[in-house]
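The opening residue of the sequence shown carries number 1 in the numbering used here; numbering runs sequentially from there. This report concerns only the one structure given below.
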Amino acid sequence: MPFTFAWKRSDWSAWFNYYLFFFYFSGITHFLLQISGTTIFVGMRQAIVMSLLWLIPVMLVRRHARKIAAVIGLVLWASSLVSLGYFCIYGQEFSQSVMFTIFESNPAESSEFIAQYFVWWMIPVLLLHSGLAYWLWRRLGPLQVSARAAWAATAGILVLLFVQPMFKQLVLNNVSLDDAVEKLQARMEPAVPWQIVIGYIHYRKQLANMETLLEQNSRIPPLSNLQDANAGQAATLVLVLGESTNRQRMSLYGYHRKTTPRLDALRQELSVFVNVVTPRPYTIEALTQALTFADQEHPELHLTKPSLMNMMRQAGYKSYWITNHQTMTKRNTMLTNFSKQTDEQFYMNNSRAQNSREYDANVFAPFEEVLRDPAPRKFIIVHLLGTHMKYEYRYPAEFDVFKGREGVPAILNDRQAKVYNHYDNAVLYNDYVISTLIETLRTQAPNSLLVYFSDHGEDVYDAPGHDMLGRNEAKPTLPMYTVPFIIWASEQWKAGHDMRFDDMLERPYSNAHFIHTWADLAGLSFDGFEPSLSLVNLQFKEHPLLIGDPYQPDTIRPLDIHAHD
Numbered sequence: 001m002p003f004t005f006a007w008k009r010s011d012w013s014a015w016f017n018y019y020l021f022f023f024y025f026s027g028i029t030h031f032l033l034q035i036s037g038t039t040i041f042v043g044m045r046q047a048i049v050m051s052l053l054w055l056i057p058v059m060l061v062r063r064h065a066r067k068i069a070a071v072i073g074l075v076l077w078a079s080s081l082v083s084l085g086y087f088c089i090y091g092q093e094f095s096q097s098v099m100f101t102i103f104e105s106n107p108a109e110s111s112e113f114i115a116q117y118f119v120w121w122m123i124p125v126l127l128l129h130s131g132l133a134y135w136l137w138r139r140l141g142p143l144q145v146s147a148r149a150a151w152a153a154t155a156g157i158l159v160l161l162f163v164q165p166m167f168k169q170l171v172l173n174n175v176s177l178d179d180a181v182e183k184l185q186a187r188m189e190p191a192v193p194w195q196i197v198i199g200y201i202h203y204r205k206q207l208a209n210m211e212t213l214l215e216q217n218s219r220i221p222p223l224s225n226l227q228d229a230n231a232g233q234a235a236t237l238v239l240v241l242g243e244s245t246n247r248q249r250m251s252l253y254g255y256h257r258k259t260t261p262r263l264d265a266l267r268q269e270l271s272v273f274v275n276v277v278t279p280r281p282y283t284i285e286a287l288t289q290a291l292t293f294a295d296q297e298h299p300e301l302h303l304t305k306p307s308l309m310n311m312m313r314q315a316g317y318k319s320y321w322i323t324n325h326q327t328m329t330k331r332n333t334m335l336t337n338f339s340k341q342t343d344e345q346f347y348m349n350n351s352r353a354q355n356s357r358e359y360d361a362n363v364f365a366p367f368e369e370v371l372r373d374p375a376p377r378k379f380i381i382v383h384l385l386g387t388h389m390k391y392e393y394r395y396p397a398e399f400d401v402f403k404g405r406e407g408v409p410a411i412l413n414d415r416q417a418k419v420y421n422h423y424d425n426a427v428l429y430n431d432y433v434i435s436t437l438i439e440t441l442r443t444q445a446p447n448s449l450l451v452y453f454s455d456h457g458e459d460v461y462d463a464p465g466h467d468m469l470g471r472n473e474a475k476p477t478l479p480m481y482t483v484p485f486i487i488w489a490s491e492q493w494k495a496g497h498d499m500r501f502d503d504m505l506e507r508p509y510s511n512a513h514f515i516h517t518w519a520d521l522a523g524l525s526f527d528g529f530e531p532s533l534s535l536v537n538l539q540f541k542e543h544p545l546l547i548g549d550p551y552q553p554d555t556i557r558p559l560d561i562h563a564h565d
């Protein structure tokens, strides 16, 4: 019998009911994510496709299809309770970063978590969810399909879900088997129960990688002859790490739109450096240099010399890491390693996908909590999501100010103009976040210093031609590297330190050497400190602003900060 006629017309509704039953457990949370505008459609699409997998056992053992569906449904239901419950609490998708936070917490913290976030309406929501699942199961009936058609359909599903993606990665894209498997797992992860199973596998893998990095860091000898000009003084030093913010789109730096009105109002209190660049246009690569002694000419020094976090702990500061970045992902393992080099960590973003709504106001509460810590000497790193793609997910509705074509390059089409406006709105919200951190510090930490810079810039149709969106180290443009660099100090700090930087604001500087600038600002000196590499030192010397991949020396070249592209 030809395959096309093996399925009776009356069976299609039965098959749809089985598919709908299996998809429901993954789809309900993704549906809620979509209607709330929390994330992009990719997760929903992958859940739709991966739910086909559960049709295979009911096809092959169709005599007991309803019983098999019940067993599978119980597993999917249990997993869906986790993902739906997490959405009810956080409005986000469950991820391996959640697992990191859970396993990092002690039982007392877990109890406090449940007490804080549990509300009465969660019980009827979960009961309704379970009731709908049971109703869908009750609608399942007998299936009629030939063995030949069942095996053919099984083969088709397996090809669609596994063979075709692996063939694409291994043969067409020529990636390694490990990378191909990882991409396949990423396709499966949005569907239950793979959110938990694969999420846990990834969590364990990245945790092992991080522990290896931490073990390497523990063997690095401390800085020799460390001297602290502020030893014994109570102080709060804050380093705010931005994300994807091009200073050319900030009115603080002369941009025609008022994208930084709050920082503009604080201008007289700020030292605004106008020629600082990042060595690399990617977060991990840029911060691995900015937070260590590694640079473009010595990229491996982060493995053999102390980090900025090590340095501050050695100087006697209690250190904290507050981040709105995803925590336990392959790309962010190094950042998590850096965070674990501090005394306390606050991980505020557990989203599975980067393209999800997580606002940087998340950092305010832990920032205030840290400022209340009685420790006299505090060092705080705040890592923001800043203006990272997708830009419209970086700010709430009240910051959706720039909407029309006024101020948008005329060459851009309507779609590009919309993205251009989204980026400016993200910069506007970033202005609110930075200024709020400064105002909080002013009122709660009398002797304090704050430095803010972005890890890298972003070209959002800025460079000549107005056709570039994002970052590409192989095709560099100036907006990818031009970053804001701002210093703020309290009146008490300024009274005890020379903060006259007016004649230094135009110095060309690469954040590859930032650790020397920070040491200088903090009053630290040690064997290996280079005054000529400090942006705020009288012995500063101008060095080439090298960009490119240091592991491919032929790509290294100096950046012309006065070029148009």
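Backbone N, C-alpha and C fix where the C-beta goes; we use that ideal spot for every residue, glycine too. Keep in mind the model is a prediction, meaning the values are calculated, not measured.
Check: Residue 560 burial status per 10 Å Cβ neighbour count (16 or more: buried); Outcome: exposed
Check: Close beta carbons around residue 106, own chain, < 8 Å, minus the five adjacent residues each side; Outcome: Note that residue 106 scores 49 on pLDDT, short of 50, meaning its location in the model is unreliable and no value can be drawn from it.
Check: Identity of the residue in 16, 286, 274 nearest residue 562 by Cα; Outcome: 274
Check: Rounded straight-line distance, which links the Cα of residue 148 to that of residue 125; Outcome: 42 Å
Check: Chain-order list of residues whose beta-carbon lies under 7 Å from that of residue 191 (same chain, five-residue window excluded); Outcome: 26, 46, 47, 50, 51
Check: Residue 249 burial status per 10 Å Cβ neighbour count (16 or more: buried); Outcome: buried
Check: Candidates 63, 280, 215, 160: closest to residue 146 by CA position; Outcome: 63
Check: contact_flag[the segment 360-377, the segment 311-327] where n(CB pairs < 8 Å) is 3 or more; Outcome: yes
Check: Where residue 274 sits in the DSSP three-state scheme; Outcome: coil
Check: Residues that DSSP places opposite residue 235 in a beta bridge; Outcome: 377
Check: Whole-angstrom distance between residue 71 and residue 82, CA atom to CA atom; Outcome: 18 Å
Check: Short Cβ contact (7 Å threshold) for residue 429 with residue 461; Outcome: no
Check: Residue 515 vs residue 308 beta-carbon contact at 7 Å; Outcome: yes
Check: Within 7 Å, strictly: CB atoms of residue 629 and residue 488; Outcome: Nothing about residue 629 can be reported from this structure: the residues present for the chain run from 1 to 565 only.
Check: Length of the line joining the Cα atoms of residue 258 and residue 422; Outcome: 14 Å
Check: Whole-number beta carbon distance between residue 455 and residue 283, since they are thought to touch under 8 Å; Outcome: 5 Å
Check: Unbroken stretches of the alpha helix (DSSP H), 4 residues or longer, contained in the segment 160-226; Outcome: 164-167, 177-188, 194-218
Check: Strand pairing of residue 240, partner residues [DSSP]; Outcome: 382, 452
Check: Other residues of its chain near residue 345: CB distance less than 6 Å, five sequence neighbours each side excluded; Outcome: 321, 339
Check: Through-space distance from residue 289 to residue 302, alpha-carbon basis; Outcome: 8 Å
Check: Rounded separation between residue 384 and residue 221 - CA only; Outcome: 30 Å
Check: Simplified DSSP state of residue 135, which is helix, strand or coil; Outcome: helix
Check: Alpha helix (DSSP H) segment containing residue 435, residue limits; Outcome: 414-444
Check: Residue 323 in three-state terms, based on DSSP; Outcome: strand
Check: Outcome for residue 381 when other beta-carbon atoms lying within 10 angstroms are tallied against a minimum of 16; Outcome: buried
Check: Buried/exposed call for residue 551, threshold 16 Cβ in 10 Å; Outcome: exposed
Check: Reduced DSSP secondary structure (H/G/I, E/B, other) of residue 71; Outcome: helix
Check: At least three beta-carbon pairs within less than 8 Å, the segment 236-248 to the segment 434-446; Outcome: yes
Check: Sequence-distant residues of its chain with Cβ nearer than 6 Å to residue 30 (five each side left out); Outcome: 43, 44, 47
Check: Three CB pairs or more closer than 8 Å across the segment 262-277 and the segment 491-508; Outcome: yes
Check: Same chain, Cβ closer than 6 Å to residue 16, five either side skipped, listed in chain order; Outcome: none
Check: Assumed close pair residue 532, residue 520 - CB separation to whole angstroms, cut-off 8 Å; Outcome: In fact, because the Cβ distance is near 11 Å, the residues do not count as touching under 8 Å.
Check: Residue 493 (DSSP reduced to helix, strand or coil); Outcome: helix
Check: Whether residue 212 touches residue 56 by CB criterion (7 Å); Outcome: no
Check: Cα-Cα separation, residue 224 to residue 293; Outcome: 14 Å
Check: Residue span of the beta strand (DSSP E) that contains residue 250, given as start and end; Outcome: Residue 250 -> no beta strand (DSSP E), and no H or E assigned at all.
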